[in-house]
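A.B. asks: Numbering (our numbering), first residue to last: 2 to 445.
Glycine included, every Cβ here is placed at the ideal spot set by N, Cα and C.
Have a look at this one before I ask anything.
This is how it looks when you write it as structure tokens:
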């Protein structure tokens, strides 16, 4: 077996190599001295496969590499060479064609865009260049109708295939855009959209459009029903008054703080005690001033003692952690039962909360905040005892039907809640006195 000698000055692919030198300090010396013959040989084999077959053999499927021959080849005998099997060197060189397509650095003439005469005239008109018209005359680009705007009809109008007033044609297939961008999007690939899972609140509300009035709202109500309705109205008004008082108190505090300001003013107060360089004056609980010494620099012995105490504390903490972990491992079964019990309780509470929410939803959205505003609960129309009439002849009108219908639609999720917009105050007239003897700008 013949022994092949390696060229110490070159690698397998011909790159400079010097492996006799031991040092490999630096990136350049490492590349020059490291032995990469096996890696380079493997890469060269992969490149050769790409040149011959278009891609590496390990990336191809088995169907592209192997085939089961069941019939055999009848033309083998005819294709056997009768004379010499040697071929010309030029034929061998020409046969080694790479399967990888060539990269063209220049554009071929077939890829150049060919402009039509109408397109050339349009570009000349936009650029305000000289162009020839009928009878070889130059067209003035400053004339009326010869500007850069498109004066000809559009492509759709020239074809005449689209009728604005006619029925939509089913023969024309919709053209899908090549790139579908959302406004403000920075990505060309849009994620697949899904329909939102919305809960239809309107279908779950069981409140009637016109609710039955309370028995105490009658013109001649029973005493108990009338008293109950009065208590309801009193509770609503008491809540409103309490809210108003809180707002007034908050407004008063804000105004007083704004007028008087915070703190004692600019500057600082000086005490009689003067601390030294290594002392600090601290005020005690009783208002007395206490002089404390500032911490000094630790010695080496103190630092070593603190380091040992820190290591001992860490060791004790690790020991306690391992002890807790071993206890948890021993009681894993008990923890599993406890976790299952807690999960069951949490699921039961969630079901109860859901049932309570559905029960409240069936009664309507009164008092629920939707968006920026809260759905109104509605007013309680009630008359006092002295205002009640015993007959329909003396009945006085209470409430507003339009308000009741509008609030009912809001509570049944038919109309979104809105805040009442109060009318803006008009400009006040400023009255002042005019003096005839002060009219200096008047003409004599």
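Buried or exposed: which applies to residue 366, given that a residue is buried once 16 or more other Cβ atoms fall within 10 Å of its Cβ?
C.D. replies: The sequence position of residue 366 within the chain shown is 365, counting from 1. Buried is the call here.
A.B. asks: Is the stretch 391-411 touching the stretch 207-226, taking contact as three or more C-beta pairs under 8 Å?
C.D. replies: Yes: at least three Cβ pairs fall under 8 Å.
A.B. asks: Cutting at 6 Å between CB atoms, please list the residues of its own chain near residue 390, excluding the five before and the five after it.
C.D. replies: Reading the chain shown from its first residue, position 389 is the one you call residue 390. The residues are 220 and 396.
A.B. asks: Just how far apart, CA to CA, sit residue 101 and residue 58?
C.D. replies: If you number the chain shown from 1, residue 101 lands on position 100. If you number the chain shown from 1, residue 58 lands on position 57. Whole-angstrom Cα-Cα distance: 14 Å.
A.B. asks: Suppose the cutoff is 6 Å on Cβ atoms and the five residues either side in sequence are ignored; what does the same chain contact list for residue 99 look like?
C.D. replies: By one-based count along the chain shown, residue 99 stands at place 98. Around residue 99: 52.
A.B. asks: Specify the secondary structure class of residue 246 as computed by DSSP and reduced to three states.
C.D. replies: As a working mapping, residue 246 is identified with position 245 in the chain shown. The answer is helix: DSSP assigns residue 246 an H, G or I state.
A.B. asks: Cα-Cα, which of 89, 385 and 260 is closest to residue 231?
C.D. replies: As a position in the chain shown, residue 231 is number 230, starting the count at 1. Comparing Cα positions, the closest option is 385.
A.B. asks: Could you check the C-alpha separation between residue 39 and residue 64 for me, to the nearest Å?
C.D. replies: Here residue 39 refers to the residue found at position 38 when the chain shown is read from its first residue. Here residue 64 refers to the residue found at position 63 when the chain shown is read from its first residue. Rounded to the nearest angstrom, the two C-alpha atoms are 30 Å apart.
A.B. asks: Between the alpha carbons of residue 239 and residue 363, how many angstroms are there, rounded?
C.D. replies: Your numbering for residue 239 matches position 238 in the chain shown. Your numbering for residue 363 matches position 362 in the chain shown. Spanning the two alpha carbons is a distance of roughly 27 Å.
A.B. asks: For residue 274, which three-state DSSP category applies?
C.D. replies: Locating residue 274 in the chain shown gives position 273, where the first residue counts as 1. Any reading at residue 274 is ruled out, since the residue's pLDDT is 49, under 50, leaving its predicted position unreliable.
A.B. asks: Report yes or no: do the stretch 406-422 and the stretch 370-379 share at least 3 C-beta pairs separated by less than 8 Å?
C.D. replies: Output reads yes: the stretch 370-379 touches the stretch 406-422.
A.B. asks: Here's the rule I'm using: 16 or more other beta-carbon atoms within 10 Å means buried, otherwise exposed. How should residue 427 be labelled?
C.D. replies: For the purposes of this step, residue 427 is taken as residue 426 along the chain shown, with counting starting at 1. With fewer than 16 other Cβ atoms within 10 Å, it is exposed.
A.B. asks: Determine the burial state of residue 413: buried for a count of at least 16 other Cβ atoms within 10 Å of its Cβ, exposed for fewer.
C.D. replies: Counted from its first residue, the chain shown places residue 413 at position 412. Counting Cβ neighbours within 10 Å, residue 413 comes out buried, since at least 16 surround it.
A.B. asks: Pick helix, strand or coil for residue 427, following the three-state DSSP scheme.
C.D. replies: Taking the chain shown and counting its residues from 1, the one referred to as residue 427 is at position 426. In the structure shown, residue 427 sits in coil (DSSP, three-state: anything other than H, G, I, E or B).
A.B. asks: Look at the alpha carbon of residue 228 and the alpha carbon of residue 387, and state the distance between them as a whole number of angstroms.
C.D. replies: Sequence index remark: in the chain shown, residue 228 carries index 227 (1-based). Sequence index remark: in the chain shown, residue 387 carries index 386 (1-based). Approximately 13 Å between the Cα atoms of the pair.
A.B. asks: Between which two residues does the alpha helix (DSSP H) harbouring residue 96 extend?
C.D. replies: Position 95 of the chain shown, counting from 1, holds the residue named residue 96. Start and end: 90-96.
A.B. asks: Could you give the C-beta distance for residue 250 and residue 383, rounded to a whole number, given that I count them as a contact under 8 Å?
C.D. replies: As a first step, residue 250 must be located in the chain shown, where it is residue number 249. As a first step, residue 383 must be located in the chain shown, where it is residue number 382. Actually they are not in contact, since the Cβ atoms of residue 250 and residue 383 sit about 29 Å apart, beyond 8 Å.
A.B. asks: Please list the terminal residues of the continuous alpha helix (DSSP H) segment that includes residue 348.
C.D. replies: For this step, residue 348 is matched to residue 347 along the chain shown. Element bounds for residue 348: 333-363.
A.B. asks: Given this structure, state the Cα-to-Cα distance separating residue 206 from residue 377, to the nearest angstrom.
C.D. replies: Taking the chain shown and counting its residues from 1, one reaches residue 206 at position 205. Taking the chain shown and counting its residues from 1, one reaches residue 377 at position 376. Cα to Cα, residue 206 sits roughly 16 Å from residue 377.
A.B. asks: Counting C-beta neighbours from all protein chains within 10 Å, is the total for residue 4 16 or more, i.e. buried, or is it exposed?
C.D. replies: Reading the chain shown from its first residue, position 3 is the one you call residue 4. Model confidence at residue 4 stands at a pLDDT of 42, short of 50, so the residue's coordinates are unreliable; what they give is reported in the following sentence. Counting Cβ neighbours within 10 Å, residue 4 comes out exposed, since fewer than 16 surround it.
A.B. asks: Could you give the uninterrupted runs of the beta strand (DSSP E) lying entirely in the stretch 286-324, keeping only those of 3 residues or more?
C.D. replies: Qualifying beta strand (DSSP E) stretches, in chain order: 290-294.
A.B. asks: For residue 204, collect the residues of the same chain with a Cβ closer than 7 Å to its Cβ; drop the 5 residues on either side in sequence, then sort them by chain order.
C.D. replies: To locate residue 204, count along the chain shown from 1; it is residue 203. Nothing meets the Cβ criterion.
A.B. asks: Return yes when the Cβ of residue 62 is within less than 9 Å of the Cβ of residue 54, no when it is not.
C.D. replies: The residue given as residue 54 occupies position 53 in the chain shown. The residue given as residue 62 occupies position 61 in the chain shown. No, they are not a contact pair.
A.B. asks: Mind checking residue 409: buried by the 16 CB within 10 Å criterion, or exposed?
C.D. replies: Within the chain shown, the letter at position 408 stands for residue 409. By the neighbour-count rule (16 or more Cβ atoms within 10 Å), residue 409 is buried.
A.B. asks: Measuring only the C-alpha atoms, how far is residue 399 from residue 222?
C.D. replies: Within the chain shown, residue 399 is the residue found at index 398, counting from 1. Within the chain shown, residue 222 is the residue found at index 221, counting from 1. Their Cα atoms are separated by approximately 15 Å.
A.B. asks: Once the 5 residues before and after residue 359 are set aside, which same chain residues still bring their CB inside 8 Å of it?
C.D. replies: Taking the first residue of the chain shown as 1, we reach residue 359 at position 358. Closer than 8 Å at the Cβ level, and outside the excluded window around residue 359, lie 205.
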